[in-house]
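J.: Residue numbers (our numbering), protein chains in the order written: chain A, 1 to 411; chain B, 412 to 822. Think of the CB as a built atom: it goes at the ideal place given N, C-alpha and C, for glycine as much as any other residue. Below you will find the structure I want to go over with you.
There are 2 protein chains.
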Amino acid sequence: MRLTLDRDRFVETMKAQAQIGGTAGGGLHRLALSDADKQVRDWFLEQLEAADLSVRIDEFGNMFGRREGTDPNAAPVLIGSHLDSQPYGGIYDGPLGVISALECIRTLDDEGIETKHPIEIVNWTNEEGSRFQPAMQGSGVWAGVHDLDEEYAKTDTDGETFEAELERIGYKGDHPAEPHEAYEAYLELHVEQGPYLERAGKDVGIVTGVVGFSWGEITYHGEADHSGPTPMDSRSDALVAAAETIGEIRAIPGELGERTVGTTGYIDAKPNSINVIPEEVTFTWDFRDPEDEVVERAVNRVLKEAEAAAEREGVEWEYEERMRASSVEFADRCVDAVERAAADLGYDGMRLVSGAGHDATHMAEVCDTSMVFAVSEGGKSHNEAEYTSWDDCYAAANTIANAAVELAECE
Amino acid sequence: MRLTLDRDRFVETMKAQAQIGGTAGGGLHRLALSDADKQVRDWFLEQLEAADLSVRIDEFGNMFGRREGTDPNAAPVLIGSHLDSQPYGGIYDGPLGVISALECIRTLDDEGIETKHPIEIVNWTNEEGSRFQPAMQGSGVWAGVHDLDEEYAKTDTDGETFEAELERIGYKGDHPAEPHEAYEAYLELHVEQGPYLERAGKDVGIVTGVVGFSWGEITYHGEADHSGPTPMDSRSDALVAAAETIGEIRAIPGELGERTVGTTGYIDAKPNSINVIPEEVTFTWDFRDPEDEVVERAVNRVLKEAEAAAEREGVEWEYEERMRASSVEFADRCVDAVERAAADLGYDGMRLVSGAGHDATHMAEVCDTSMVFAVSEGGKSHNEAEYTSWDDCYAAANTIANAAVELAECE
Numbered sequence: 001m002r003l004t005l006d007r008d009r010f011v012e013t014m015k016a017q018a019q020i021g022g023t024a025g026g027g028l029h030r031l032a033l034s035d036a037d038k039q040v041r042d043w044f045l046e047q048l049e050a051a052d053l054s055v056r057i058d059e060f061g062n063m064f065g066r067r068e069g070t071d072p073n074a075a076p077v078l079i080g081s082h083l084d085s086q087p088y089g090g091i092y093d094g095p096l097g098v099i100s101a102l103e104c105i106r107t108l109d110d111e112g113i114e115t116k117h118p119i120e121i122v123n124w125t126n127e128e129g130s131r132f133q134p135a136m137q138g139s140g141v142w143a144g145v146h147d148l149d150e151e152y153a154k155t156d157t158d159g160e161t162f163e164a165e166l167e168r169i170g171y172k173g174d175h176p177a178e179p180h181e182a183y184e185a186y187l188e189l190h191v192e193q194g195p196y197l198e199r200a201g202k203d204v205g206i207v208t209g210v211v212g213f214s215w216g217e218i219t220y221h222g223e224a225d226h227s228g229p230t231p232m233d234s235r236s237d238a239l240v241a242a243a244e245t246i247g248e249i250r251a252i253p254g255e256l257g258e259r260t261v262g263t264t265g266y267i268d269a270k271p272n273s274i275n276v277i278p279e280e281v282t283f284t285w286d287f288r289d290p291e292d293e294v295v296e297r298a299v300n301r302v303l304k305e306a307e308a309a310a311e312r313e314g315v316e317w318e319y320e321e322r323m324r325a326s327s328v329e330f331a332d333r334c335v336d337a338v339e340r341a342a343a344d345l346g347y348d349g350m351r352l353v354s355g356a357g358h359d360a361t362h363m364a365e366v367c368d369t370s371m372v373f374a375v376s377e378g379g380k381s382h383n384e385a386e387y388t389s390w391d392d393c394y395a396a397a398n399t400i401a402n403a404a405v406e407l408a409e410c411e
Numbered sequence: 412m413r414l415t416l417d418r419d420r421f422v423e424t425m426k427a428q429a430q431i432g433g434t435a436g437g438g439l440h441r442l443a444l445s446d447a448d449k450q451v452r453d454w455f456l457e458q459l460e461a462a463d464l465s466v467r468i469d470e471f472g473n474m475f476g477r478r479e480g481t482d483p484n485a486a487p488v489l490i491g492s493h494l495d496s497q498p499y500g501g502i503y504d505g506p507l508g509v510i511s512a513l514e515c516i517r518t519l520d521d522e523g524i525e526t527k528h529p530i531e532i533v534n535w536t537n538e539e540g541s542r543f544q545p546a547m548q549g550s551g552v553w554a555g556v557h558d559l560d561e562e563y564a565k566t567d568t569d570g571e572t573f574e575a576e577l578e579r580i581g582y583k584g585d586h587p588a589e590p591h592e593a594y595e596a597y598l599e600l601h602v603e604q605g606p607y608l609e610r611a612g613k614d615v616g617i618v619t620g621v622v623g624f625s626w627g628e629i630t631y632h633g634e635a636d637h638s639g640p641t642p643m644d645s646r647s648d649a650l651v652a653a654a655e656t657i658g659e660i661r662a663i664p665g666e667l668g669e670r671t672v673g674t675t676g677y678i679d680a681k682p683n684s685i686n687v688i689p690e691e692v693t694f695t696w697d698f699r700d701p702e703d704e705v706v707e708r709a710v711n712r713v714l715k716e717a718e719a720a721a722e723r724e725g726v727e728w729e730y731e732e733r734m735r736a737s738s739v740e741f742a743d744r745c746v747d748a749v750e751r752a753a754a755d756l757g758y759d760g761m762r763l764v765s766g767a768g769h770d771a772t773h774m775a776e777v778c779d780t781s782m783v784f785a786v787s788e789g790g791k792s793h794n795e796a797e798y799t800s801w802d803d804c805y806a807a808a809n810t811i812a813n814a815a816v817e818l819a820e821c822e
């Protein structure tokens, strides 16, 4: 049995969601728990109700729609992603995964197909982590990785708490934010956010897992002297030490794995004045690799380089590893289901490891999981220029629908 | 004739000014036109009146006290500095120059010495440039380098204008902010803010001029991609390019002059998020040297290095030179007068070029000028840990007093 989604309706639904919080630049401004997020949730709720799904909204705002299976004892297959966006994100990102899940259900209804297992579709709260940290917050709470009350207390830059904002938009539901039963599997479609599929000329990505990563912060403490009268040989310049180390963070991946990446995304200098030698500079590292052991080596290496730079510049230093996440390996039966679906549909699929975290990262703690990646043109992500052709969106959507239906077992 | 200041009264007066806006850390928080600045001005006004000087406050808040000479046609010798401070500055810095000038007048009165030329002492408004930019604002307006109305309109970070704040503290005077007559000479005592005198084991600095400098800003424009899925070979990382160039700004002086310095004091990265490749990074250069031609070579060199870094990282770039100041050579007759005064007093003096700008920089446009430097321990400046021993303060104060008296010609 092969499921074929209604391409026109699918594209129309994608365009409909893109209207909500749409930007002049053709992207989305739909931060978690904002007015735009409320609006897209209201719209999504209408779609769930129109599809006759039984709706649950949990106490963390995660939204579920359930289509019953024929076996009352069978565990549900969950599919979905997130509808929130970065401050100036693209229209595909998470929404593509949610709309594909909706379209899968609609098509099953159209064709009158029943599955043994229930199928649930989900919109996770705050995947992006732009307004409230951390990212993947809703799925993290639901999977038991984060504590509900701690996450409720998180504040945005205006000092508003997560809980108050969730209540304000009317999406603090009654259901506990946890699995209410065992789950058969979780599948998620997301745009790749990298260039590997496009480079290889593939149609669709079969995601075998997620890279492990380390996030850390280094601070150098130098001396704030006047930039004019202080000779070069009697300076303790925190920014020079930071610049050297940032160069090393760029260079370290080249000596490790093929998929290793190293990034400094954040830097803050004090007093940050043109004619004062920087006294204190804080900056970050972000190392990722499919092998946890490679991440470990990158971290050891940057600490050695940081120490050497501190010594050369005569500054004190300290560091803190802020987060370490092990790599995730998805369950073979789910990965294989995705691969079979792609092949059955005639798509040229490629196995790859996700370089970014997704809600699926947390879901892999709960049940067997896999993901489908849609081709990202130029690998652009988290900005308005993100682009996936409707052909590529449709290929990925058909793939996840067929994989889900295989796992849910048609009658 | 040799003038010897009253050491106890001099030290007491230094301590008295240090009480006003004094910090728990033993420094000063006396930003231009703040309440603390008003308080120290009120106190200084009392000292001028107690010394029977004729007081002028000009429309930019510069405060003058005049002691007449015996020749009604002789041009005045002006001595002074500034009483304002950095946010957390030291107690010596500019105040040492103002108090020394006051003490010079008091001692002339004590000894009943008359000079042919009038002697004026001055407290320049806003030398530091911490609250309102630029630095050396009051002397710059007075010397005709800056336009009065443009400087009136400058705002602090709270949006208060310079003019409103000057009126609020009651120091917008009636006199035009310009030389009302020809000036015979200007002398200024300031702490060195560098380690050269201490390193050489000298008592006092004879300042022959001020280094030239260039201030500029470079901006790299890269691409804001996700730090996880974006391979190292397809990144345009604005921060990596900036880090390389900051390293060059550190290295360039080593290849030019002995006194060349190069500093990046300011950096700003966007979006400045741990897991996003930096899209736009702006940072500054500050190059100084006694030779203008060396400053020119440093600027040419950094632009070449910036271009190379941009090419390596695949980012766009632009730059703006924000300020270029030629080096200043002080008048021989004033420098010689300072040198003679130090030698006559038995102090071990050393000629040097100032690495920092001072009000004397602008005054050199108006009349013959020189400066005296007091030893800075460890060269620390613009922070609470700034320190000059009372012996070194006193040596410098006696030096400037005697140089001033020579230029003003005792009867």
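1) Please report the residue range of the beta strand (DSSP E) in which His221 of chain A lies.
2) I'd like to know if Gln137 of chain A contacts chain B, where contact means its C-beta is closer than 8 angstroms to some C-beta of that chain.
3) I'd like the span of the beta strand (DSSP E) that includes Trp317 of chain A, first residue to last.
4) What number of angstroms, rounded off, separates the C-alpha of Arg67 of chain A from the C-alpha of Glu188 of chain A?
5) Check for me: the alpha helix (DSSP H) holding Asn398 of chain A runs from which residue to which?
6) Would you call the CB atoms of Pro689 of chain B and Asp648 of chain B closer than 8 angstroms?
7) Identify, in the order they occur along the chain, each residue of the same chain with its Cβ nearer than 6 angstroms to the Cβ of Asp482 of chain B, setting aside the five sequence neighbours on each side.
8) Just list the beta strand (DSSP E) runs in the stretch 343-369 of chain A, keeping only unbroken ones of 3 residues or longer that don't cross its boundaries, in chain order.
9) Taking 8 angstroms as the threshold (beta carbon to beta carbon), is Tyr677 of chain B in contact with chain E?
10) Grab me the residues of Glu377 of chain A's own chain with a C-beta within less than 7 angstroms of its C-beta, minus the 5 sequence neighbours each way, in chain order.
11) Have a look at Val211 of chain A and Thr361 of chain A and give me their C-alpha separation to the nearest angstrom.
12) Answer with yes or no whether the minimum CB distance from Glu538 of chain B to chain A is below 8 angstroms.
13) State yes or no: is the beta carbon of Lys38 of chain A nearer than 8 angstroms to at least one beta carbon in chain B?
14) Taking all protein chains shown into account, decide if Met474 of chain B is buried (16 or more other Cβ within 10 angstroms of its Cβ) or exposed.
15) Can you list, in chain order, the residues of its chain whose CB lies under 6 angstroms from that of Leu407 of chain A, leaving out five sequence neighbours each side?
16) Between which two residues does the beta strand (DSSP E) containing Ile530 of chain B stretch?
17) By Cβ distance, which residues of its chain are closer than 8 angstroms to Ala588 of chain B, with the 5 residues on each side in sequence left out?
18) Kindly indicate which residue of B:Phe698, B:Asn683, B:Asp703 and B:His440 has the alpha-carbon position closest to the one of Trp464 of chain A.
19) Considering only the alpha carbon of each residue, which of A:Thr282, A:Val261, A:Arg322 and A:Glu311 lies closest to Arg297 of chain A?
20) In the structure shown, what three-state DSSP assignment does Gly379 of chain A receive?
21) Where do the N-terminal and C-terminal ends of the alpha helix (DSSP H) with Gly247 of chain A fall, by residue?
22) Could you please give me the residues that DSSP links to Ile79 of chain A through a beta bridge?
23) Find out if the Cβ-Cβ distance for the pair Arg542 of chain B, Asp567 of chain B is shorter than 8 angstroms.
24) Among the candidates B:Asp520, B:Tyr499 and B:Leu494, whose CA atom is the shortest distance from the CA of Val509 of chain B?
25) At a CB distance below 8 angstroms, what residues from the stretch 201-215 of chain A approach chain B? Give them in sequence order.
26) For a contact defined as C-beta to C-beta under 7 angstroms, what are the partners of Met232 of chain A on chain B?
27) For His591 of chain B, count the other beta carbons within 10 Å of its own beta carbon; 16 or more makes it buried, fewer makes it exposed. Which is it?
28) Tell me the rounded alpha-carbon separation between Arg41 of chain A and Leu166 of chain A.
29) With DSSP collapsed to three states, give me the class of Leu28 of chain A.
30) Which residue wins for smallest C-alpha separation from Trp801 of chain B, given the options B:Asp614, B:Tyr582 and B:Ala767?
31) Skipping 5 residues on each side, what residues in its chain have a beta carbon closer than 6 angstroms to that of Asp348 of chain A?
32) Going by beta-carbon coordinates alone, are Thr4 of chain A and Asn398 of chain A separated by less than 8 angstroms?
33) Contact between the stretch 237-249 of chain A and the stretch 298-312 of chain A is defined here as three or more beta-carbon pairs at a separation below 8 angstroms; is this criterion met?
34) CA-CA distance, Leu256 of chain A and Arg301 of chain A?
35) Let's see if you can read the secondary structure: which residues bound the beta strand (DSSP E) around Ala742 of chain B?
36) Ends of the alpha helix (DSSP H) at Thr284 of chain A?
T.: Taking the definition as stated:
1) As a position in the first sequence, residue 221 of chain A is number 221, starting the count at 1. Unbroken beta strand (DSSP E) run through His221 of chain A: Gly212 to His221.
2) As a first step, residue 137 of chain A is located in the first sequence; it is residue number 137 there, counting from the start. No, Gln137 of chain A lies away from the interface with chain B (no Cβ there is under 8 angstroms from its Cβ).
3) As a working mapping, residue 317 of chain A is identified with position 317 in the first sequence. Taken as a continuous stretch (DSSP letters only), the beta strand (DSSP E) holding Trp317 of chain A covers Glu316 to Ala325.
4) Locating residue 67 of chain A in the first sequence gives position 67, counting from the first residue. Locating residue 188 of chain A in the first sequence gives position 188, counting from the first residue. If you take the alpha carbons of Arg67 of chain A and Glu188 of chain A, they lie about 17 angstroms apart.
5) As a first step, residue 398 of chain A is located in the first sequence; it is residue number 398 there, counting from the start. Per DSSP, Asn398 of chain A belongs to the alpha helix (DSSP H) from Trp390 to Ala408.
6) Working through the second sequence from its first residue, we reach residue 689 of chain B at position 278. Working through the second sequence from its first residue, we reach residue 648 of chain B at position 237. Yes, the Cβ-Cβ distance between Pro689 of chain B and Asp648 of chain B is below 8 angstroms.
7) Counting from one through the second sequence, the residue named residue 482 of chain B turns up at place 71. Answer for Asp482 of chain B: Lys527, listed in chain order.
8) 349-354
9) The question asks about chain E, but that chain is absent: this structure's protein chains are A and B.
10) Walking along the first sequence from the start, residue 377 of chain A turns up at place 377. Excluding sequence neighbours, Glu377 of chain A sits near Glu198, Tyr387 and Thr388.
11) On the first sequence, position 211 is the one that residue 211 of chain A refers to. On the first sequence, position 361 is the one that residue 361 of chain A refers to. If you take the alpha carbons of Val211 of chain A and Thr361 of chain A, they lie about 10 angstroms apart.
12) Counting from 1 along the second sequence, the entry for residue 538 of chain B is found at position 127. No, Glu538 of chain B does not count as interfacial toward chain A.
13) Working through the first sequence from its first residue, we reach residue 38 of chain A at position 38. Chain B, which has no Cβ nearer than 8 angstroms to the Cβ of Lys38 of chain A, makes this no.
14) Here residue 474 of chain B is taken as the residue at index 63 of the second sequence, counted from 1. Counting Cβ neighbours within 10 Å, Met474 of chain B comes out buried, since at least 16 surround it.
15) For the purposes of this step, residue 407 of chain A is taken as residue 407 along the first sequence, with counting starting at 1. The residues are Val77, Ala185 and Ala337.
16) The count along the second sequence starts at 1 and reaches residue 530 of chain B at position 119. Residues Ile530 to Trp535.
17) As a working mapping, residue 588 of chain B is identified with position 177 in the second sequence. Around Ala588 of chain B: Asp469, Glu470, Phe471, Asn473, Gly549, Val552, Trp553 and Leu559.
18) What is shown of chain A runs 1 to 411, which leaves residue 464 of chain A out entirely.
19) Along the first sequence, one-based indexing puts residue 297 of chain A at 297. Nearest C-alpha to Arg297 of chain A: A:Val261.
20) Locating residue 379 of chain A in the first sequence gives position 379, where the first residue counts as 1. Looking at Gly379 of chain A - three-state DSSP - the assignment turns out to be helix.
21) Here the question's residue 247 of chain A lines up with position 247 in the first sequence. Per DSSP, Gly247 of chain A belongs to the alpha helix (DSSP H) from Ala238 to Ala251.
22) As a first step, residue 79 of chain A is located in the first sequence; it is residue number 79 there, counting from the start. Note: Ile79 of chain A sits in a beta bridge opposite A:Ile121 and A:Leu187.
23) Translated into the one-based positions of the second sequence, residue 542 of chain B becomes position 131. Translated into the one-based positions of the second sequence, residue 567 of chain B becomes position 156. Taking 8 angstroms as the Cβ cut-off, Arg542 of chain B and Asp567 of chain B qualify as a contacting pair.
24) Position 98 of the second sequence holds residue 509 of chain B. Checking every option, the nearest Cα to that of Val509 of chain B belongs to B:Leu494.
25) Val211, Phe213 and Trp215
26) Within the first sequence, the letter at position 232 stands for residue 232 of chain A. In chain order: Pro664, Gly665 and Val672.
27) As a working mapping, residue 591 of chain B is identified with position 180 in the second sequence. With fewer than 16 other Cβ atoms within 10 Å, it is exposed.
28) In the first sequence, counting from the first residue as 1, residue 41 of chain A sits at position 41. In the first sequence, counting from the first residue as 1, residue 166 of chain A sits at position 166. In a straight line, the C-alpha of Arg41 of chain A is about 12 angstroms away from that of Leu166 of chain A.
29) Along the first sequence, read from residue 1 onward, the residue named residue 28 of chain A stands at position 28. If DSSP states are grouped into helix, strand and coil, Leu28 of chain A belongs with the strands.
30) Working through the second sequence from its first residue, we reach residue 801 of chain B at position 390. The candidate whose alpha carbon is nearest that of Trp801 of chain B is B:Asp614.
31) Numbered from its first residue, the first sequence carries residue 348 of chain A at position 348. Lys202 and Asp203, listed in sequence order.
32) Residue numbering aside, residue 4 of chain A sits at position 4 when the first sequence is read from its first letter. Residue numbering aside, residue 398 of chain A sits at position 398 when the first sequence is read from its first letter. A contact, by the Cβ cut-off of 8 angstroms.
33) yes
34) Against the first sequence, residue 256 of chain A aligns to sequence position 256. Against the first sequence, residue 301 of chain A aligns to sequence position 301. C-alpha separation (whole angstroms): 10 angstroms.
35) Position 331 of the second sequence, counted from the first residue, corresponds to residue 742 of chain B. Where Ala742 of chain B is concerned, there is no enclosing beta strand (DSSP E), given that its DSSP letter is neither H nor E.
36) Taking the first residue of the first sequence as position 1, residue 284 of chain A is located at position 284. First-last for Thr284 of chain A: Glu280 to Asp289, but that is the beta strand (DSSP E), not the alpha helix (DSSP H).
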